[in-house]
Every structure is written in structure tokens, then in C-alpha cells.
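Before any comments, here is the structure.
Numbering (our numbering), first residue to last: 783 to 1183.
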């Protein structure tokens, strides 16, 4: 008599839930960077310098830096799904306030509200994937989260630039408020609740730095900070660069930003393909970071040759779209299950500290050295990020011996 061995039923990928989460990430990150594509128009309407509008990105980012980690500890008992939906609703409110702002101070306040919502959202979003999906589906799930963020960089900037140039910058904030409300509704309907390994009696519940994976997690935090700072020292000022250094017209610059988006979309799919092989994750990440620095320098040296500037801009976008999901995946595979939410909050802190630091350094350099100096700064930060990424590669080789 033969005994049949039961076969495991393959786990179905929750396409609707992950699409809702990806849309939420897209709407939230787009909200953060809306001023980037509308610098000249917002500056003229509110009668403030362009550097002050660029500082709105910094304010948002540093609000997240201050609040993300404390909020992750204070809200550890709460429903992860409830936090996500509440955060997205708060994004919509901040966008409406921005749209009706009558002066810079009111707009500034709206960005602080947005920063609070961002801190709540990102301390949960990345870890939600690892709680919801089995390990064999993690790379695909991380693609939806990181892909949504990168699409915001890719599509959000050209879209906001188009709206500001053809209509009004305030409409851009209203459109994003509607998008965030839609994303929140879809999350409420499709996203399943998850258990998040919360145990108040465990010593690591309130002291995650005691966990054995905390040290390696902090290495990934440093990589995240340096790569995001490298990108954002130049990214918020790409439109002025295209207008002033590359000699594009306003309409042509919008077209270049659209092509920037196409390069980024290609990078997302490359990142998904690379992420399927965890054994080479760190090596691929180092290559992507180096590619990022080279591409930014290529944009600088190509100006004002239009074709080469466009090609280099697309390569720059692709490089960041490859690197970002890879270090996100590295973070979640490095952190133990017990501190994954805390690691997600640290990643959020590093990401936004990188955004704020990059934008701040870019704003400081803009007046004395001009926009042409920013790619050099970005490339230097990318070199530091690639150097730090060697550490987990060396650790992995030591373990394998």
C-alpha cells in the first residue's frame, strides 16, 4: 500500500492588497515631494526664494526623523492596519491645508502635519510586507512598497511640474489629497490585518537595541541615509539645473522629467529581477550605488548637450530605482522578526534624514556655488554609501567560512 504525501498549497500573492499598499506609498511619497516639481511657480506665487520652497521638503523630512522611532515604540500595541489608514487620512488633510495656504507660514505648518503622517505610515509600511507574506514572496512584496516610492519620484515630479506649469500649483496638492483618500479607502477594503510579534513581556519589546540583529540593521541604516542623501542633494533642484545649465525651455524640461520617469520605471523592474537572488543582494546593491554616482556626474558633464543630458538623467533615475528596493529588502532580511517594525521605523528615519540632509546641503550650496556643484556632492555621498555597503559583504563572507 502506498502512502501519498500531501503537497503544500502554494500561497497566492495578494495582488489587490499589495496594489493598495503600493498606491498608498506612491501617494504619500508624492505628497512629500510635490514642491520639488513646482519650485518656480510656488516661489513666485508666495513671493519667497526658491530655496525656501526647497526647505519645505527638509522640514517634512526632519519631522519624520524626530518622530518615527519614538512613535514606533509608543504605538507598538496598536493595529498595524489602523495606523496605515489613519496616516493616509492625515496625508490628505495636510495636502488640503497646503492647497489653501495663504502664506508661507501656513504652508510650512501643513508640511509639519504631513511629516507626522509620514512618520506613522513608514514605521509600518515596509514591515507590513514581511508580516503579511511568507518569505518566498517577500521580494515581490517589497517591490510594491519600494516601487510605489520610486514611482512617486519618477511620476510625481513630472506630474507636479506639468500641473504647476499648465494650471496652478494648488491644484497639484488637491489632486494628491484625492489620491491619498482613494488609497486609504482601498487599504481599508483590501488589506488584511496582521500580527506583528508584539510581546510586552519580552525585554526587546521596549529595548530593541538588545536584539542580535540590531548592529547589522544599523549598517543598513547608514547605507540608506548616504544613498538617499546622495540622490536628494541634486534631485530637488533638477528643474533649475535643466533650465539654467542644460539650457532647456520650461516645456522641454517637463519632457526631460517625463523621460526621467521612464528610466526609473525600467530600474524598478531591474531591481525586482536582481532581488530574486538574495545571495548577490549586497553585491548588486554596491554596483547600483556606484552607478548612481557615475550617472549624476554624467548629467553634470553632459550639459548643455541635450541628448547626452537626457540619457544621463534616465540612467540616474534607473540607478536610484534599483538601489532603493535593494537596501529596503536588505533591511527586512537583516532584521529579526521581533524588531522588524522598529527596523522599518529606523529605515524611515534614515530615508528622511537623507532627504532632509541632501536637500539642506543642496540649498546651502546653491547660492555660493550654483546648481552645477550639486552632482559632485551627490557623487561623493554615493561613494561613501558604496564603501559602507562593503561591510555586510565582508560579514557574509566571514560567516560562510
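Here a beta-carbon is modelled for each residue, glycine too, at the ideal position from N, C-alpha and C.
Verify whether the separation of the beta carbon atoms of residue 818 and residue 874 is less than 7 Å. no
My assumption, with CB atoms under 8 Å, is that residue 1009 sits in contact with residue 1167. Please give the rounded CB distance. 4 Å
Report the start-end ranges of each alpha helix (DSSP H) in the stretch 1087-1130 that is 4 residues or longer and not cut off at the edges. 1088-1116
Cα-Cα separation, residue 889 to residue 916: 42 Å
Short of 8 Å in beta carbon distance, which residues of its chain neighbour residue 1054, apart from the five on each side in sequence? Order them along the chain. 921, 922, 925, 929, 1107
Nearest-angstrom Cα separation, counted from residue 879 out to residue 895: 9 Å
Beta-carbon proximity of residue 1016 to residue 836, cut-off 7 Å: no
Using the Cα positions of residue 1150 and residue 802, report the straight-line distance between them to the nearest angstrom. 44 Å
With a threshold of 7 Å between beta-carbons, can residue 922 be considered close to chain C, or not? Note that chain C does not occur in the displayed structure, where there is just one protein chain.
Buried or exposed: which applies to residue 975, given that a residue is buried once 16 or more other Cβ atoms fall within 10 Å of its Cβ? exposed
Going by C-alpha distance, which of 866, 1170, 995 is nearest residue 968? 866
Rounded Cβ spacing between residue 825 and residue 958 (contact assumed at less than 8 Å): That pair is no contact at about 19 Å.
Taking residue 936 as the reference, which of 1047, 1144, 1164 has the closest Cα? 1047
Own chain, CB closer than 6 Å to residue 1082, minus 5 neighbours either side, in chain order: 1157
Would you mind working out which of 883, 863, 1147, 862 sits nearest residue 1018, comparing C-alpha positions? 1147
Coarse secondary structure for residue 733, derived from DSSP in three states: With the chain covering 783 to 1183 only, the question about residue 733 has no answer from this structure.
Between residue 893 and residue 841, what straight-line distance do the alpha-carbon atoms span, to the nearest angstrom? 7 Å
For residue 817, does the three-state DSSP call read helix, strand or coil? helix
So for residue 1152, helix, strand or coil by DSSP? coil
When burial is assigned at 16 or more other CB atoms within 10 Å of the CB, is residue 872 buried or exposed? buried
Over the uninterrupted alpha helix (DSSP H) stretch that includes residue 1042, give me the two end residues. 1032-1057
Separation of residue 1123 from residue 909, as counted between CA atoms: 5 Å
If you check the beta carbons only, do residue 1140 and residue 1032 fall under 7 Å apart? no
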